[in-house]
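Notes follow once the structure below has been shown.
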Amino acid sequence: MYIKNIFSKLSFLFLLISTYCYGQELPPITKYTQSTYQAGIQNWMISQDENHFMFFANNEGLLEFNGSMWTLYPSPNEAIIRSVKCIEDKIYTGSYMEFGYWERQKNGQLKYNSLSEKIKNKLVDDEQFWGILNYDNWILFQSLQKIYAYNTKTKEFSIIAPKTFIFKAYKTSDGIFFQTNEGLFEIEKGKSKLFLNDPIVRDNKIINLIESNDGLLFVTQRQGIFSYKNGELNRYITNVDNELKQSSIYNSEVLNDGSFTLGTISNGIYILDNKGELKYKITQNDGLSNNTVLSLFEDVDKNLWIGLDNGINCINLQSPIKSYTDNTGVIGTVYTSAIQNDKLYIGTNQGLFYKSINSNADFTFIQGTKGQVWSLFLHNGTLFCGHDSGTFVVKNNSASLIYSQTGTWKFESLPSNKNIILQGNYLGISVLEFQNDKWVFKNKIKGFDYSSKYFEILNNDIYVSHEYKGIYRFDVNKQLTASSNLFEYKKPLKGKNASLIKYNNQIYYASRIGVFKLNTISKKFEKDSLLSSVFEKNEYVTGKMVVDQSNNLWFFTKNYIHYFSSSKMTQDLKKNSLPIPSSLTNSMPGYENINQISDETYLIGTTDGYYVLKNKEIKFTNYKVSITGVSTNFLNKKAVNSSILDEGSFKYDDNNIVFNFTVPEYDKYINAEYQYKLEGIQNEWSEWNSKTNAIFKNLPSGDYVFSVRAKVTNSITKNIATYSFTIKKAWYLNNLAMMFYIILFLIIVYYINKVYYNFHEKKHEKIIAENNLLLELKELESAQEIMKIKNEQLSETVDKKNKELAVSTMNLIKKTELLNIIKEDLKSSTEDTSNRSIKSIISTITRNVKEEDTWNVFKEAFDNADKDFIKKVKELHPSLTPNDLRLCAYLRLNLSSKEIAPLINISVRSVEIKRYRLRKKMELSHEQGLVEYILSI
156 MYIKNIFSKL SFLFLLISTY CYGQELPPIT KYTQSTYQAG IQNWMISQDE
206 NHFMFFANNE GLLEFNGSMW TLYPSPNEAI IRSVKCIEDK IYTGSYMEFG
256 YWERQKNGQL KYNSLSEKIK NKLVDDEQFW GILNYDNWIL FQSLQKIYAY
306 NTKTKEFSII APKTFIFKAY KTSDGIFFQT NEGLFEIEKG KSKLFLNDPI
356 VRDNKIINLI ESNDGLLFVT QRQGIFSYKN GELNRYITNV DNELKQSSIY
406 NSEVLNDGSF TLGTISNGIY ILDNKGELKY KITQNDGLSN NTVLSLFEDV
456 DKNLWIGLDN GINCINLQSP IKSYTDNTGV IGTVYTSAIQ NDKLYIGTNQ
506 GLFYKSINSN ADFTFIQGTK GQVWSLFLHN GTLFCGHDSG TFVVKNNSAS
556 LIYSQTGTWK FESLPSNKNI ILQGNYLGIS VLEFQNDKWV FKNKIKGFDY
606 SSKYFEILNN DIYVSHEYKG IYRFDVNKQL TASSNLFEYK KPLKGKNASL
656 IKYNNQIYYA SRIGVFKLNT ISKKFEKDSL LSSVFEKNEY VTGKMVVDQS
706 NNLWFFTKNY IHYFSSSKMT QDLKKNSLPI PSSLTNSMPG YENINQISDE
756 TYLIGTTDGY YVLKNKEIKF TNYKVSITGV STNFLNKKAV NSSILDEGSF
806 KYDDNNIVFN FTVPEYDKYI NAEYQYKLEG IQNEWSEWNS KTNAIFKNLP
856 SGDYVFSVRA KVTNSITKNI ATYSFTIKKA WYLNNLAMMF YIILFLIIVY
906 YINKVYYNFH EKKHEKIIAE NNLLLELKEL ESAQEIMKIK NEQLSETVDK
956 KNKELAVSTM NLIKKTELLN IIKEDLKSST EDTSNRSIKS IISTITRNVK
1006 EEDTWNVFKE AFDNADKDFI KKVKELHPSL TPNDLRLCAY LRLNLSSKEI
1056 APLINISVRS VEIKRYRLRK KMELSHEQGL VEYILSI
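So the mapping is simple: the numbering used here equals the position in the sequence shown, first residue as 1, plus 155.
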């Protein structure tokens, strides 16, 4: 039984411990890792110059950060740089067996000048320089063996060499001190003088001397802090004494407000106020990159820089933003928050938690609320919790479940009845009623069963935005039991992370395509140009809208948090913007939430906690923009840095120019944006963007003025950084070249004129020659035409003679036929053939129709018409007989066999035989016609 009771008590204790989550609201911390600044992981000392650029004594060399660009300058002897101090326009550094200063050149780059080289023979072997102090016109370089004091006026050195090991040197308003194992010494008139020999000083390493109103504070490495006044050392009481004794303090820094920071070897940093009370304790669990702090420095903007054993961190101590980060995962993502009875309630995906609003107490889990909390709603002194399990009523540290049918998204009070609340659930809208001094579930509104994550009531109409369906509108009866006249809007279209809200008695809907306001007359949604402007330039992340207690309408975009406030003089809305990007707020897209916890203090939930924003304290320094580098390059060659102090003058082929510029601001929640122009080629300002360089390629020769300005939050820097430069003309375009070109041009014109004259002369002569040739051609053509005409006349004459020959031949044929007929008639008409008269006639006819005579007459006529034919035939066919030639002549006239037969006084059959024999003598092929061949000769 006893064991059971112990187990029960231990279980209760474990449960009690598990319900608490330790944490604190911290200023923003920016982490710079080795991969970011591309140098060694350790940073031993930090300083800032007149331009507000930051410098770090890094393992790899001198590391510079101007707010936008990191630059590493390797140490002169490849050693670790242990110390850095910016004094006026020089950056002094100390390393292994070397110290000196870096000076800014005209091109913006740093150049090293050694001081130790002058006294190289006085350095101790293996000496490293861990500290640099300045006092009046002296620069002191402190190693573990000596202090070398350099007079900047006389350029001479004074060396302080104590008998024993130097732990560290310190500067106060009273002078320079250093500690050895013999005590604390003061430098007076260039020599060391024992200042304090207390056992506490001899036995403990002093990290720093801090001036206070009551004297000095001695920060020791392992024994905490001691106060020194009137020659006495007393323990300086803080509320973290025991922790400091166990933390091994490595360095400290006095802050501008009188508080001071202590950096430890294994426990991060402690920030104490001027009374010794702990303000912050920040370790790796709270956001530091590492628990080993090697260096501390407060810049002019009161940011605390921390050089760590692994990286660099910057804490914006004066930031109006404080963040609470849950590194354990106990609390989770904050979806909603509320203030009641001086308690801060936060609803997360792990449940409902609370703590006192005015303390740094831990958050306490409210039993029974494990799971997703969607909303908190305060009405008439009652706090309602919309939960995945339903609806809870919260009282102090307990919660009662009053509705469990389905999850609850949000709540809206009924304007006409304070005892009625409508709640949007996973499956529609239901009614809560205040009865018998408590809130109870009354009924669900029938007829609408869709998820009601966002809904509003206006003029007896209920508007619901469904994340996947769009916007609905419906009426509800007086009993709030049933809906009617359900209307689904086709426009505006549904959108990712869209939301619906009532502001100034108007319904607004926001999605990726813009913000729309309901027209109460037409009941249609119309785009609002002013509110939609927050989503321009690809700024949309979420359409979530929130109305705070001061009647401000909040939007969350990619690079800003915007809020609109009502004007006191008009009905117009005034736009205000905070330069806090969504990447830094780390809110859950679509579930952004902001709660006004006081007049100007807001709590904004994130995925790992929340941050608190004091709106009135957001006042940013009027930063100055500066050009940090101008470089040119030719094709793919290495860039060459040019002077940024003098006007630039570049060769014609060095016309690819890169301008680097920056605003040296280091606030985590400030995003500086830049505009630039290049007069001479781009005379209008560019669009605002966060790029810190501008590149211009292939610029033509001429005079240019580059201008750049910056915008931090909504304020444009007062100064505009400018740089004038000239790109020279190519050598072949300078004045001498121009004169040469003019002379060459005149010579070329002269010769062109001469060539042109000669050309035209030759052309003229050519034209004359061509005309003469044309005339000759025309004469020749005329002669040919005359010859052609004569040939045609001859041809006509030949044709005429051929026709006459043919006619004569035909007449001869007819004559011969007639005489033969008469001859035969005479022979047949008389029987008495002895009749002399008839015989005489017959003889006469016979004489006149002799073949030879007929042929001779024909031959003579044929030779006159075609005198070369017989000759050509004889040449081609020598074997032909006269009779064959006679037959060829008749065939030449295209006479038929019937017409030829009387001429040679044979039968038609005989003529055919003769033609056949003639073909054979001429050796004509079977396919070749005899007449065609003869006609072709």
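By construction, the Cβ of each residue, glycine as well, lies at the ideal position given by its N, Cα and C atoms.
- Message: Taking 8 Å as the cut-off, does the segment 210-221 touch the segment 187-201 (at least 3 CB pairs, one atom from each stretch)?
- Response: At 8 Å Cβ cutoff, the stretches touch.
- Query: Would you report the Cα separation of W715 and P736, rounded to the nearest angstrom?
  - Reply: According to the sequence provided, residue 715 is Tyr. The question's Trp does not apply to it. Straight-line Cα distance between these residues: approximately 5 Å.
- Query: Beta carbon of V528, beta carbon of L507: below 9 Å?
  - Reply: L507 is positioned such that its CB atom lies closer than 9 Å to that of V528.
- Considering only the beta carbon of each residue, do S856 and A885 sit closer than 9 Å? yes
- Message: With H, G and I counted as helix, E and B as strand and the rest as coil, what does DSSP make of Y644?
- Response: coil
- Query: Sorted by chain position, which residues of the same chain lie with C-beta nearer than 6 Å to G764's C-beta, five sequence neighbours on each side aside?
  - Reply: Apart from the 5 residues on each side of it in sequence, G764 sits with its Cβ closer than 6 Å to the Cβ of Y479, T480 and D481 in its chain, given in chain order.
- Query: Using the C-alpha atoms, what's the distance from E387 back to T188?
  - Reply: 44 Å
- Message: In whole angstroms, give me the CA-to-CA distance for K384 and Y391.
- Response: Annotation: K384 to Y391 spans about 11 Å, alpha carbon to alpha carbon.
- Item | Separation of N1049 from I1089, as counted between CA atoms | CA-CA distance, I1089 to N1049, rounds to 9 Å.
- Between which two residues does the beta strand (DSSP E) harbouring K390 extend? According to the sequence provided, residue 390 is Arg. The question's Lys does not apply to it. Segment E387 to R390, the beta strand (DSSP E) holding R390.
- So what's P1057 in DSSP terms, helix, strand or just coil? If DSSP states are grouped into helix, strand and coil, P1057 belongs with the helices.
- Item | Sub-9 Å separation of D801 and K261 beta-carbons | In this structure, K261 lies closer than 9 Å to D801 by Cβ.
- Query: Comparing alpha-carbon positions, which option in Y658, N1060, W594 and F603 lies nearest S639?
  - Reply: The residue with the shortest Cα to Cα distance from S639 is F603.
- By a C-beta neighbour count over all protein chains shown, 10 Å radius and 16 as the cutoff for buried, is N707 buried or exposed? buried
- Segment limits, beta strand (DSSP E) that includes M743: No beta strand (DSSP E) holds M743; DSSP gives it neither H nor E.
- Task: Quick one: using the 10 Å Cβ neighbour count with 16 as the cut-off for buried, is I201 buried or exposed?
- Result: buried
- Item | N788: CB within 8 Å of a non-hydrogen atom of the ligand ADP | This structure lacks the ligand ADP, and indeed carries no ligand of any kind.
- Message: Quick check on L932: buried or exposed, where buried means 16 or more other Cβ atoms within 10 Å of its Cβ?
- Response: exposed
- Cα-Cα separation between S798 and N815, rounded to whole angstroms: Answer to the nearest angstrom: the Cα atoms are 12 Å apart.
- Message: With a threshold of 7 Å on Cβ separation, who are the neighbours of Q439 within its own chain once the five nearest residues in sequence on each side are excluded?
- Response: So the list reads G423, N445 and N446, once near-sequence residues are dropped.
- Query: For K649, which option in C241, K918 and S620 has the closest C-alpha, if you only look at C-alpha atoms?
  - Reply: S620
- Query: If we ignore side chains and look at the alpha-carbon of each, how far apart do K624 and F690 end up?
  - Reply: 22 Å
- Item | Contacts around D204, its chain only, beta-carbon distance under 6 Å, and the 5 residues preceding and following it disregarded | C241
- Task: For C176, count neighbouring C-beta atoms within 10 Å of its own C-beta (all shown protein chains included) and say buried if the count is 16 or more, exposed if not.
- Result: For C176, the predicted model reports a pLDDT of 39, less than 50, meaning its position is unreliable and no value from the coordinates is stated.
- Task: Helix, strand or coil for P229, going by three-state DSSP, please let me know.
- Result: strand
- Item | Pick from R1074, N580, D630 and S1062 that is closest to L641, judged by C-alpha positions | Measuring from the Cα of L641, the nearest candidate turns out to be D630.
- Those runs of the beta strand (DSSP E) which lie wholly inside the segment 792-855 and span at least 3 residues: Counting whole runs of 3 or more residues, the segment 792-855 contains the beta strand (DSSP E) stretches 795-797, 803-805, 811-817, 828-834 and 848-851.
- Task: Give the DSSP-derived three-state secondary structure of F415 in the structure shown.
- Result: Three-state DSSP puts F415 in a strand.
- Please report the Cβ distance between E567 and L577, rounded to the nearest whole angstrom; I am assuming they are in contact, meaning their Cβ atoms lie under 8 Å. Their Cβ separation, rounded to whole angstroms, is 5 Å, which keeps E567 and L577 in contact under 8 Å.
- Contact set for I494: own chain, Cβ-Cβ below 7 Å, skip 5 residues either direction: I512 and I752
- Near N750, which residues of its chain fall below 6 Å by C-beta distance, leaving aside the five closest residues on each side in sequence? S492 and L758
- Query: Do you know how far the Cα of Y405 is from the Cα of G330?
  - Reply: 22 Å
- Item | Residue span of the alpha helix (DSSP H) that contains S402, given as start and end | D396 to S402
- Item | Same chain only: Cβ atoms within 7 Å of S786, ignoring 5 sequence neighbours per side | A794, V795, N796, S797 and V813
- Message: Suppose contacts are defined by Cβ-Cβ distances below 9 Å. Is T999 in contact with P1057 by that definition?
- Response: no
- Beta-carbon spacing of I210, Y192 below 9 Å: The identity of residue 210 in the sequence shown is Phe, whereas the question assumes Ile. Remark: C-beta atoms of F210 and Y192 do not approach each other more closely than 9 Å.
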